[in-house]
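Residue numbers (my numbering): 556 to 663. The C-beta atom is built at its ideal place from N, Cα and C for all residues, glycine as well.
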Amino acid sequence: MDRPLDIAFHNIEPSPKIEAEIRQHVEKLQQRHSELVACRVSVEALHNQHQTGNVPEVHITLSIRGRDLAVSREPHRSKERYAHPDLHTAIRDAFKAAERQLESAKGK
């Protein structure tokens, strides 16, 4: 990547373990997609979301040559999809979606 990875936490305590997990996912994306120029990951805890179980949102902005791709994984219906949704699940889902968007962008 041309620019360093940018990780931001909003309304949630930064964690070295979470940062390491995010860096690992970004490294995998870099290995598979050489066109990746920059990546920004934002982890945001929502305030008292009783319907969603307070699962944080994960937003990823990927920059490839000529355009930006935005990925958001909001916790809507996460209780329906997972027995115990948590931050790790949200991160994993967001990076799976990012991988799909990069594949789609590569095909165009």
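Query                                                                                                                : Result
Simplified DSSP state of residue 592, which is helix, strand or coil                                                 : strand
Terminal residues of the alpha helix (DSSP H) in which residue 648 lies                                              : 642–662
Whole-number beta carbon distance between residue 594 and residue 619, since they are thought to touch under 8 Å     : The Cβ separation is near 10 Å, so there is no contact.
Residue 562 in three-state terms, based on DSSP                                                                      : strand
Through-space distance from residue 659 to residue 575, alpha-carbon basis                                           : 27 Å
Simplified DSSP assignment, three categories, for residue 587                                                        : helix
Outcome for residue 625 when other beta-carbon atoms lying within 10 angstroms are tallied against a minimum of 16   : exposed
Own chain partners of residue 600 with C-beta closer than 6 Å, once the 5 adjacent residues on each side are dropped : 566, 567, 611
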